[in-house]
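Per our numbering, residue 12 is the first one in the sequence shown, and the count goes up by one each step. Ideal Cβ placement from N, Cα and C applies to all residues, glycine included. Quantities reported herein were computed from a predicted structural model and do not represent experimental measurements. What follows is a set of notes on a single structure, which appears directly below.
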Amino acid sequence: MRPVFADPKTKIIFKRIFGREVHKPLLIELLNALLELSQDHRIVDLKYLSPEQRVPVEELKLSLVDVKCFDERGRHYVVEMQVLNVEGFEKRVVYNPSKEYVTQLRTGEDYPGFDDVIGVTICDFLLWPGPPVPDGAPVPMLSRWRMQEQHGGALGPSQVQYVFLELPKYRSGDAPQGTIDRWAYFFREAKNLAEVPPALSVPPYREALEAICMADFCAGELDLYDRAKIAEQDARGALSLAKRQGREKGLEEGRAEGLREAIRAFCQAFEIEIDAEREAFLTGMGSGELKELQARLLRDRRWS
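Given below as structure tokens:
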């Protein structure tokens with residue numbers, strides 16, 4: 012049986028909720044929550060950037076980079092859902108809002124007219140498992156970043172800022188406390204829910220769940236969702252395989268280096284010279300060859 016609700020972390024579902032004009036109030040509520048905006052500074056309206064205004068980024072397909080909008084104050088937002096921690100992710104997170112900022116030159120604006128850009132990233136993995144600096148405080152589930160003077164702590168320019176929500180740091184179980192907890196609970200648990208739980212029975216969370224109720228999906232939407240989940244699993248599998256192969260390679264290299272050190276120590280003890288040619292020979296040998304050499308040295312007490 013299909014789940015009742017689709018996974019909001021999946022690219023097409025994330026876009027279905029937050030990338031459509033009909034659901035714009037949901038994106039407004041999400042941004043107000045993640046930016047922790049007070050009543051006087053809350054976003055009241057947004058405009059989605061048209062396709063020709065969007066910066067083309069042909070990088071990780073499992074990451075949404077096209078929910079881009081700006082509010083009534085002119086601030087631009089780049090909102091994305093990142094499901095996998097991949098090499099270069101932090102650099103891309105910096106790149107997207109920065110690119111959005113400098114792209115304002117295309118509109119003919121001079122530097123004084125540039126609007127601020129805020130990158131909002133929801134991560135389905137731990138970006139900061141521990142304190143980012145020695146003796147520092149752990150990074151909370153919701154963190155906000157901008158330039159800061161390193162000696163006195165004075166805040167620097169605000170033109171490009173970053174907001175991160177690390178979903179694995181959620182700790183409230185089925186009883187989320189407050190707005191941020193509820194959004195984190197929604198992203199983490201929606202695909203596992205059989206009905207709307209009390210914690211998500213109020214706006215805007217109920218509306219977000221209604222937007223991804225799979226009973227309302229047409230056959231084409233169901234097919235696209237299935238393909239997206241398969242692609243996500245394939246990507247996870249590829250990363251898992253690469254990590255396993257890396258570990259195996261590291262273990263193999265570690266074993267080989269250990270054998271080389273043992274051979275060097277043995278040769279030193281029995282005054283067997285290891286010249287440059289023999290050292291190069293050692294370096295090029297794999298574990299199997301090194302074991303054979305080690306056994307021969309132990310047996311014959313000479314190199315050859």
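- request: Taking only the alpha-carbon atoms, compute the straight-line gap between Leu211 and Ala186 and give it to the nearest angstrom.
  value: Their Cα atoms are separated by approximately 10 Å.
query: Taking the alpha-carbon positions, what's the Asp319 to Glu91 distance?
result: As displayed, the chain neither begins before 12 nor continues past 315, which places residue 319 out of reach and without an answer.
Cβ pair count under 8 Å reaching 3, the region 225 to 241 against the region 187 to 207: Taking a cut-off of 8 Å for Cβ pairs, the region 225 to 241 and the region 187 to 207 do not touch, as fewer than three such pairs fall below it.
- prompt: If you draw a straight line from the C-alpha of Glu70 to the C-alpha of Val94, how long is it?
  reply: Because the pLDDT of Glu70 is 39, which lies under 50, any placement of that residue in the model is unreliable, and the question is left without a value.
query: How big is the Cα-Cα spacing for Leu235 and Ile23?
result: Near 8 Å, if we compare the C-alpha coordinates of Ile23 and Leu235.
message: Tell me whether the region 133 to 145 and the region 165 to 172 touch, counting them as touching only if at least three CB pairs, one residue from each stretch, are closer than 8 Å.
response: Per the Cβ contact rule, the region 133 to 145 is not in contact with the region 165 to 172 (fewer than 3 Cβ pairs under 8 Å).
- request: Select from Phe16, Val33, Lys79, Arg27 the residue whose C-alpha is nearest the C-alpha of Leu42.
  value: Nearest C-alpha to Leu42: Lys79.
- prompt: Taking the Cβ atom as the reference point for each residue, do Gly130 and Pro108 lie within a distance shorter than 8 Å?
  reply: For Gly130 and Pro108, yes; Cβs fall inside 8 Å.
message: Quick test of the definition: if touching needs 3 or more C-beta pairs under 8 Å, does the region 16 to 35 touch the region 196 to 205?
response: A contact is defined here as three or more CB-CB pairs under 8 Å, and the region 16 to 35 meets this definition with respect to the region 196 to 205.
- prompt: For Leu48, is the classification buried or exposed, using 16 other Cβ atoms within 10 angstroms of its Cβ as the cut-off for buried?
  reply: Leu48 is classed as exposed because its beta carbon has fewer than 16 other beta carbons within 10 Å across all chains shown.
query: Which residue from Arg313, Glu83, Glu218 puts its Cα closest to that of Ala280?
result: Measuring from the Cα of Ala280, the nearest candidate turns out to be Arg313.
- prompt: Terminal residues of the continuous alpha helix (DSSP H) containing Lys35?
  reply: Note, Lys35: alpha helix (DSSP H), 35 to 45.
- prompt: If you follow the beta strand (DSSP E) that Ser154 is part of, which residue opens it and which one closes it?
  reply: Counting along the chain, the unbroken beta strand (DSSP E) around Ser154 starts and ends at 153 to 156.
DSSP state of Gly231 mapped onto helix, strand, coil: Secondary structure at Gly231: helix, using DSSP grouped into helix, strand and coil.
- prompt: For Trp156, is the classification buried or exposed, using 16 other Cβ atoms within 10 angstroms of its Cβ as the cut-off for buried?
  reply: The residue is exposed, with fewer than 16 neighbouring Cβ atoms inside 10 Å.
field: Val297, buried or exposed, once every other Cβ within 10 Å from all chains shown has been counted against 16
entry: Before going further, note that residue 297 is Gly rather than Val in the sequence given. By the Cβ neighbour-count rule, Gly297 is exposed, with fewer than 16 other Cβ atoms within 10 Å of its own.
message: Which residues does DSSP list as the beta-bridge partners of Leu57?
response: For Leu57, the beta-bridge partners assigned by DSSP are Asp82.
message: Quick check on Val105: does DSSP put it in helix, strand or coil?
response: The answer is helix: DSSP assigns Val105 an H, G or I state.
query: Does the distance from the CB of Arg275 to the CB of Ile285 come in under 8 Å?
result: Going by C-beta atoms, Arg275 is nearer than 8 Å to Ile285.
- request: Classify Met12 as helix, strand or coil using the three-state DSSP reduction.
  value: Correct three-state label for Met12: coil.
query: Rounded to whole angstroms, how far is the Cβ of Ala222 from the Cβ of Ile54, which I believe are closer than 8 Å?
result: At roughly 19 Å, the Cβ-Cβ gap does not stay under 8 Å, so Ala222 and Ile54 are not in contact.
task: Could you pull out every residue in the same chain whose Cβ sits closer than 8 Å to the Cβ of Ala267, ignoring the five residues on either side in sequence?
output: In chain order, Met296, Gly297, Ser298, Leu301 place their CB closer than 8 Å to the CB of Ala267, counting only its own chain and leaving out the 5 sequence neighbours on each side.
task: Just tell me which of Asp51, Leu46, Asp56, Met158 has its CA closest to the CA of Glu32.
output: Nearest of Asp51, Leu46, Asp56, Met158 to Glu32, Cα basis: Asp56.
- prompt: Since Phe100 and Tyr112 are thought to touch, with beta carbons under 8 Å apart, how far apart are those beta carbons, to the nearest angstrom?
  reply: Between Tyr112 and Phe100 the Cβ distance is about 19 Å, and since that is not below 8 Å, they are no contact.
query: How many whole angstroms separate the CB atoms of Pro36 and Pro215, which I take to be in contact at a CB cut-off of 8 Å?
result: With a Cβ gap of about 7 Å, Pro36 and Pro215 count as contacting.
field: Where the beta strand (DSSP E) containing Thr132 begins and where it ends
entry: Unbroken beta strand (DSSP E) run through Thr132: 128 to 134.
- request: Report back the beta-carbon spacing between Leu45 and Leu176 to the nearest angstrom; my notes put them in contact at under 8 Å.
  value: For a cut-off of 8 Å, the C-beta gap from Leu45 to Leu176 is around 6 Å, short enough to register as a contact.
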